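Step one of this worksheet: look at the structure below.
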Amino acid sequence: MKFHGFAAAAATLTLFSTTTAFAATQITWWHAMTGANAEVVDKISKDFNASQKDYEIVPVFKGTYPEALNAGIAAFRAKQAPDIIQVFDVGTGVMMAAEGAVKPVAEVLEGAGMKFDKSQYLPGIVGYYSKPDGTMLSFPYNSSSPILYYNKDIFKKAGLDENTPPKTWNEVWDMAKKIKTSGAAACGYTSTWLTWIHLENFAAWNNVPWATNQNGLEGGTPELKINAPIYVNHFQALADLAKDGTFKYGGRTSEAKQLFLAGECGIMTESSGGLGDIVKSGMNYGIGQLPYDSDAKGAPQNTTPGGASLWVFGGKTDEQYKGIAAFFTYLSQTDVQQYLHEKSGYLPVTLAAYEATKKSGFYEKNPGRETPILQMMGKEPTENSKGVRLPNLPQVRDIQNEEFENMLAGKETAQQALDNAVERGNAAIKEATGG
Amino acid sequence: MTPRVVFPNKVLPYLLVAPQLAITLIFFYWPAGQALYQSMLKEDPFGLKSKFVWFDNFAKVLSQPAYVNSIKVTVVFSVATAAVAMGVALLLAVMAEKVVRSKGFYRTLMIWPYAVAPAIAGMLFLFMFNPSIGSVAVLLRRLGLHWDPVLDGTDAMILLVVAASWKQISYNFLFFVAGLQAIPKSLIEAAAIDGAGETKRFWTIVFPLLAPTTFFLLVINTTYAFFDTFGIVHAVTGGGPGKATETLVYKVYNDGFVNLLLGSSAAQSVILMVIVIALTAIQFRYVERKVHYG
Numbered sequence: 001m002k003f004h005g006f007a008a009a010a011a012t013l014t015l016f017s018t019t020t021a022f023a024a025t026q027i028t029w030w031h032a033m034t035g036a037n038a039e040v041v042d043k044i045s046k047d048f049n050a051s052q053k054d055y056e057i058v059p060v061f062k063g064t065y066p067e068a069l070n071a072g073i074a075a076f077r078a079k080q081a082p083d084i085i086q087v088f089d090v091g092t093g094v095m096m097a098a099e100g101a102v103k104p105v106a107e108v109l110e111g112a113g114m115k116f117d118k119s120q121y122l123p124g125i126v127g128y129y130s131k132p133d134g135t136m137l138s139f140p141y142n143s144s145s146p147i148l149y150y151n152k153d154i155f156k157k158a159g160l161d162e163n164t165p166p167k168t169w170n171e172v173w174d175m176a177k178k179i180k181t182s183g184a185a186a187c188g189y190t191s192t193w194l195t196w197i198h199l200e201n202f203a204a205w206n207n208v209p210w211a212t213n214q215n216g217l218e219g220g221t222p223e224l225k226i227n228a229p230i231y232v233n234h235f236q237a238l239a240d241l242a243k244d245g246t247f248k249y250g251g252r253t254s255e256a257k258q259l260f261l262a263g264e265c266g267i268m269t270e271s272s273g274g275l276g277d278i279v280k281s282g283m284n285y286g287i288g289q290l291p292y293d294s295d296a297k298g299a300p301q302n303t304t305p306g307g308a309s310l311w312v313f314g315g316k317t318d319e320q321y322k323g324i325a326a327f328f329t330y331l332s333q334t335d336v337q338q339y340l341h342e343k344s345g346y347l348p349v350t351l352a353a354y355e356a357t358k359k360s361g362f363y364e365k366n367p368g369r370e371t372p373i374l375q376m377m378g379k380e381p382t383e384n385s386k387g388v389r390l391p392n393l394p395q396v397r398d399i400q401n402e403e404f405e406n407m408l409a410g411k412e413t414a415q416q417a418l419d420n421a422v423e424r425g426n427a428a429i430k431e432a433t434g435g
Numbered sequence: 001m002t003p004r005v006v007f008p009n010k011v012l013p014y015l016l017v018a019p020q021l022a023i024t025l026i027f028f029y030w031p032a033g034q035a036l037y038q039s040m041l042k043e044d045p046f047g048l049k050s051k052f053v054w055f056d057n058f059a060k061v062l063s064q065p066a067y068v069n070s071i072k073v074t075v076v077f078s079v080a081t082a083a084v085a086m087g088v089a090l091l092l093a094v095m096a097e098k099v100v101r102s103k104g105f106y107r108t109l110m111i112w113p114y115a116v117a118p119a120i121a122g123m124l125f126l127f128m129f130n131p132s133i134g135s136v137a138v139l140l141r142r143l144g145l146h147w148d149p150v151l152d153g154t155d156a157m158i159l160l161v162v163a164a165s166w167k168q169i170s171y172n173f174l175f176f177v178a179g180l181q182a183i184p185k186s187l188i189e190a191a192a193i194d195g196a197g198e199t200k201r202f203w204t205i206v207f208p209l210l211a212p213t214t215f216f217l218l219v220i221n222t223t224y225a226f227f228d229t230f231g232i233v234h235a236v237t238g239g240g241p242g243k244a245t246e247t248l249v250y251k252v253y254n255d256g257f258v259n260l261l262l263g264s265s266a267a268q269s270v271i272l273m274v275i276v277i278a279l280t281a282i283q284f285r286y287v288e289r290k291v292h293y294g
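In order, the protein sequences belong to chains L and R. Per UniProt numbering, the very first residue in the first sequence carries number 1; after that it's consecutive. Per UniProt numbering, the very first residue in the second sequence carries number 1; after that it's consecutive.
Right, dumping it as structure tokens:
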């Protein structure tokens, strides 16, 4: 009920501002960006509005990612949907299942007489936001990828080489043990987002399936494959390290970042989007690639995008769609993308912007900032590494997190935890797809 | 027999209660009716496809092990919160009553925490008990106690109960102080003359005479623990670790707004409504009878 109220209030506001605007067609953009990233949203909108007279982008902050998604859904149900909404990676499946509620970005651009050239965009990102037949559904706005951060001071204290981050998970375990036993830090290794990093990206990076039906990208009723031996070994190693505190669990989302920032843990895996806070803390940090499993053939493969994309709601006027198309075209411009990439820490989505950033010498001055792009672009994605998709991914991640917590608390072995996660997850997926 | 009051005007009384009726209709019956309707639908988040399934959602919810777990969690949490909040408040009220100087000052201090919003109270405790940076957590560790609310379900529950009752203590304190003041001093003095000690006086005179207050607070605290603690759960544990602190209210939110299972979420809120109506009815029908109103 509360959300309906919000939507109505927002709609009234929009109505009022429409009457005061002159000829320009207003396009509302609901987003979930805070801090420096919110400034980027405002700056891009302002610049776009100043660049032409026909359309006006109105960015509206709608809370956290899940809150923004819920507000959008409630607004759609109340027939007051915004024109553009930013939806996080996990909500992608939810939006895709809503055929009729959303208009594919490819159609929006083509309808406005613009050509949409897929080859200009980073393939890993475009693939993730496309239908199985290749139709691009949403516009990638901010993409990130998990990488490894380490505290160079702690490495030195532990007698490790501060310029050699661990490459494989076995090296991570060994270095973490060394950090712990040498007393250089209270804990060796921690990680944010276990589901995203240790399951979804673990699968892609090691080129093993996460679920059937091409990890759910093909639709249907996918079945989870996360209790295969490679996962069990990986999580049993984590659970064993958790017993004496060599691995420390922070929480389900990015809470573990605090453990790393406080100097409690020497190594952390986290999103590339989390770099800003680490730079701000003034820590003597290093960046490495996401570690891979040395038993996996062909690893490392490529990582999958996290972050969010922009979705267009259906049922708007042609004039509005033209404006949206113009805005997306503006967003794809090299200098805009370059600004977004350097300022926010998210990845550029076009190849031209990546090349331009490279040429500007940004990566030499900011070592490690190229790592997430190289990880995603390194190899042509396989069936296992295009990303994962479920109509109820938030729910399935919740189930996985609960089982991990039981495992790390010593109540279950890795095998039991992953078997339970598969069984409960599959039941939830079946319920959601009606299959 | 109470005399019957008859208003001469037939329309006026209805007009006078109309605003209250309108508010109840709009803010209770209408949303409650919608929840009831929604609870019998199976639909996707966007409401593009919806199917009327009668009581399917209820059957599914009640057969979920997670729902049964959630009921257990809620009972443990509510009983513990009400007991801690009322016990501590009563102790403080009795002690504050004994203070000779600057009584008002102490009372004001005790009432203050009530002004803090639940979510903020939750954040305060989250910081104090944070295993790595919290001041209280450091003390616990020095005492040799293992404290890890992030992974240990019991620790997480203790943290929640402490945070939830801390906030409610002030409210209860206020009522207990008022209740204590209403007890005639002569009764206590007479008992003292008869040779009853302090503890005896409390249990035989003060406590029974406080029963109406205690009963009122029991109703209020149970309702509080059931419904008003969403903010604390959301800020402190998010229902975890595992499902160790997923209360019924938190599950309604999580299933509805995170998992987007609207039908199931609506069915759960209808069940919750029935539970609370039943609880209140039982409390007033049976517990109130035993209360001595003096």
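Glycine included, C-beta positions come from ideal geometry on N, C-alpha and C. Remember, it's a predicted structure, so these values are computed and weren't measured experimentally.
Given residue i as reference, the closest of the options once Cα atoms are compared
i	options	result
V65(R)	N259(R), K243(R), R285(R), A267(R)	Going by the sequence as given, residue 65(R) is Pro instead of Val. Looking at the Cα atoms, K243(R) is the closest of the given residues.
D148(R)	G250(L), F202(L), A32(L)	G250(L)
N284(L)	Q400(L), K322(L), K157(L)	K157(L)
N151(L)	I267(L), W210(L), D89(L), Q320(L)	I267(L)
K248(L)	K118(L), T192(L), A417(L)	T192(L)
V172(L)	L160(L), Y189(L), D161(L), N163(L)	Y189(L)
residue 351(R)	Q38(R), D228(R), V219(R), L210(R)	The structure shown has nothing for residue 351(R), since chain R only spans 1 to 294.
N213(L)	A432(L), G282(L), S281(L), N384(L)	N384(L)
L275(L)	K297(L), T371(L), L310(L), Y231(L)	T371(L)
I154(L)	P140(L), P165(L), S144(L), P146(L)	P165(L)
V276(R)	T247(R), F257(R), T223(R), G239(R)	T223(R)
G378(L)	A81(L), A228(L), G298(L), R252(L)	G298(L)
L241(L)	F202(L), C187(L), R77(L)	C187(L)
G239(R)	G87(R), A35(R), M157(R)	M157(R)
G111(L)	T168(L), G91(L), K316(L), K257(L)	K316(L)
A256(L)	G219(L), N206(L), I197(L)	I197(L)
R397(L)	E412(L), T413(L), Q375(L), N420(L)	N420(L)
Q416(L)	A239(L), A81(L), M95(L), F260(L)	A239(L)
Residue(s) in a DSSP beta bridge with residue i
i	result
Y249(L)	S191(L)
T269(L)	L148(L), S191(L)
K103(L)	V312(L)
F88(L)	A308(L)
Q26(L)	E56(L)
L224(L)	A211(L)
N142(L)	A308(L)
T168(L)	Y292(L)
Residue i beta carbon near the ligand ATP (any heavy atom closer than 7 Å)
i	result
I147(L)	Absence of the ligand ATP is noted for the structure shown, with no ligands found whatsoever.
Can you find at least 3 beta carbon pairs, one from the segment 103-117 of chain L and one from the segment 324-340 of chain L, that sit closer than 8 Å?
Between the segment 103-117 of chain L and the segment 324-340 of chain L there are three or more inter-stretch CB-CB distances shorter than 8 Å, so the stretches are counted as touching.
Mind checking the segment 255-267 of chain R against chain L and listing, in chain order, the residues whose C-beta falls within less than 7 Å of any C-beta there?
Answer set for the segment 255-267 of chain R: F257, V258, N259, L260.
With three or more C-beta pairs closer than 8 Å as the rule, is the segment 28-39 of chain L touching the segment 57-70 of chain L?
Short answer: they touch.
Anything in the segment 132-146 of chain R with a Cβ closer than 7 Å to a Cβ of chain L? List those residues in chain order, please.
Look at the segment 132-146 of chain R: the residues with a C-beta under 7 Å from a C-beta of chain L are S132, I133.
Contact between the segment 359-367 of chain L and the segment 141-148 of chain L is defined here as three or more beta-carbon pairs at a separation below 8 Å; is this criterion met?
By the C-beta criterion, the segment 359-367 of chain L is judged not to be in contact with the segment 141-148 of chain L, since fewer than 3 inter-stretch pairs fall below 8 Å.
4-residue-minimum alpha helix (DSSP H) runs that sit fully inside the segment 166-247 of chain R, ordered along the chain
Correct list: 185-193, 198-201, 211-227, 230-236.
Touch check for the segment 199-219 of chain R and the segment 260-267 of chain R: three-plus C-beta pairs under 8 Å?
In short, these stretches do not touch, since the Cβ pair count stays below three.
Report yes or no: do three or more beta-carbon pairs, one from the segment 302-310 of chain L and one from the segment 223-234 of chain L, lie closer than 8 Å?
Between the segment 302-310 of chain L and the segment 223-234 of chain L, the count of Cβ pairs shorter than 8 Å is below three; the stretches do not touch.
Would the segment 30-47 of chain L and the segment 68-77 of chain L be scored as touching if the rule is three or more Cβ pairs under 8 Å?
The segment 30-47 of chain L, when compared against the segment 68-77 of chain L, does touch it at the 8 Å Cβ threshold.
At least three beta-carbon pairs within less than 8 Å, the segment 176-190 of chain R to the segment 93-101 of chain R:
Under the 8 Å Cβ criterion, the segment 176-190 of chain R counts as touching the segment 93-101 of chain R, having at least three qualifying pairs.
The segment 287-294 of chain L in contact with the segment 114-121 of chain L per 3-pair CB rule at 8 Å:
Counting Cβ pairs under 8 Å, fewer than three are found: no touch.
Name the residues in the segment 36-66 of chain R whose C-beta lies less than 7 Å from a C-beta of chain L; which are they?
Within the segment 36-66 of chain R, the residues whose Cβ lies closer than 7 Å to some Cβ of chain L are D44, P45, F46, G47, L48, listed in chain order.
Scan the segment 237-252 of chain R for residues whose Cβ lies nearer than 8 Å to a Cβ of chain L and list them as they occur along the chain.
Those residues of the segment 237-252 of chain R that come within reach of chain L (Cβ to Cβ, closer than 8 Å) are G238, G240, P241, G242, K243.
Determine which residues of the segment 147-167 of chain R have a Cβ less than 7 Å from any Cβ of chain L, and write them out in chain order.
Here the close residues are V150, L151, D152.
Members of the segment 94-108 of chain L near chain R, C-beta cut-off 7 Å
Those would be V94, A97, A98, G100, A101, in chain order.
Give, in chain order, every unbroken run of the beta strand (DSSP E) that is at least 3 residues long and sits entirely within the segment 275-357 of chain L.
Listed in chain order, they are 285-288, 306-313.
Under 8 Å, with one C-beta from each stretch per pair, do the segment 136-155 of chain R and the segment 184-195 of chain R reach the 3-pair mark?
No contact exists between the segment 136-155 of chain R and the segment 184-195 of chain R.
I'd like to know if the segment 105-119 of chain R and the segment 161-177 of chain R are in contact, where contact means that at least 3 CB-CB pairs between them fall below 8 Å.
The segment 105-119 of chain R vs the segment 161-177 of chain R: in contact.
Going along the chain, which residues of the segment 69-93 of chain L sit with their C-beta nearer than 7 Å to a C-beta in chain R?
Listed in sequence order: N70, I73, F76, R77.
Between the segment 304-319 of chain L and chain R, which residues of the former have a C-beta closer than 7 Å to a C-beta of the latter?
For the segment 304-319 of chain L, which is checked against every Cβ of chain R, not one residue is closer than 7 Å.
May I ask you to list, following chain order, the residues of the segment 196-215 of chain L that have a beta carbon less than 7 Å from some beta carbon of chain R?
So nothing in the stretch comes that close.
Is it the case that the segment 43-50 of chain L contacts the segment 328-347 of chain L, given that we only count it when at least three CB pairs across the two stretches are under 8 Å?
Yes, they touch.
Any 3 or more C-beta pairs closer than 8 Å across the segment 74-90 of chain L and the segment 342-359 of chain L
Note that the segment 74-90 of chain L does not touch the segment 342-359 of chain L; fewer than 3 beta-carbon pairs, one per stretch, sit closer than 8 Å.
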